[in-house]
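For the sequence shown, the numbering used here gives the first residue as 76, with consecutive numbering after it. Quick reminder that beta carbons are idealized off the backbone N, C-alpha and C, glycines included. For clarity, every value in this text was computed on a predicted model and none was experimentally measured. Here's the structure, in structure tokens; my notes come after.
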Amino acid sequence: MALIKSKALPQAVELTAEEKPSCESLLAQLSDENPETRRWAARDMLHCEDASEALVSRLKIESELSVREVILTALIHLKSPNSIAGLVECLRSEDPSLRNEALEAMKQLPDLVAPIMVDLLNDEDPDVRIFSVNILESLRHSDVESWLIGVVEEDPHVNVCATALDLLSEVGTEAAMVAIPKIKARFADEPYIQFAADLAFKRITEC
């Protein structure tokens, strides 16, 4: 599922303070058997103190696409450290759809993702490192190239390095030129690394 950037939460009729459901009530509704009830609960939880934790917990088990969309949009609107922490947990899920949804959501939170990017790129799980490189594709941060160079020079996993090389060929500058011979030497027996490194070198020198 690809998230729509700047997607607004569904609008509801304006309620008075007395009419608004309590956070305790919304938390219960988030587990209701009716998807529409869960969807509106996710939308209305934005003002609740522990909204991020509750929404992430529901996201991990939610099967209804429309509810997942609202939860993800709510997490993006919240822009909290707990939202990011929960999305990082989702990157470790066995559910590929959930992983991709979390990745797309994180791309829309560059100010919160950037401070933890070094940790993500050094995660013990190579899949998380690959997802982190994918996030860099649209992060629009001044350190993107240096992060990619670090991956190319130091990451021990061939697939992580291949993903980084592919992106480096698109965003790399002369600063990346020193790293390319190093990765070719480290993975001398990997045909794709040799191809991707040569392509990155060619594209950078042509710019």
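Within 7 Å, strictly: CB atoms of residue i and residue j
i	j	result
V208	T248	no
L274	L243	no
H216	A189	yes
K259	E228	no
I151	Q104	no
Under the three-state DSSP convention, the category residue i falls into
i	result
C165	helix
F232	Note that residue 232 is His in the sequence shown here, rather than Phe. H232: coil per DSSP, three-state reduction.
D273	helix
T248	coil
C123	coil
Q183	coil
R143	helix
K95	coil
Neighbour-count burial assignment, residue i, 16 or more Cβ in a 10 Å radius
i	result
C282	exposed
A149	buried
D264	exposed
R143	buried
L309	This structure cannot speak to residue 309, because the chain is shown only from 76 to 282.
K277	exposed
D71	Any property of residue 71 remains undetermined from this structure, which presents the chain solely from 76 to 282.
L90	The predicted model places L90 with a pLDDT of 46, which falls under 50 and marks its position as unreliable; any figure quoted below should be read in that light. It counts as exposed.
E199	exposed
For residue i, the nearest candidate out of the options (CA to CA)
i	options	result
P185	D119, D264 and V219	V219
R174	K154, L196 and K135	K135
V246	E229, I279 and T112	I279
F262	K95, T112, N234 and M252	N234
Rounded distance between the beta-carbons of residue j and residue i, thought under 8 Å
i	j	result
I146	L130	5 Å
L153	A126	6 Å
R167	V203	6 Å
I159	L187	5 Å
D119	R113	With 8 Å as the limit, D119 and R113 do not qualify as a contact, their Cβ atoms being about 11 Å apart.
Residue i at chain D interface by Cβ criterion, 7 Å
i	result
R215	Absent from the structure is chain D; it holds one protein chain and no more.
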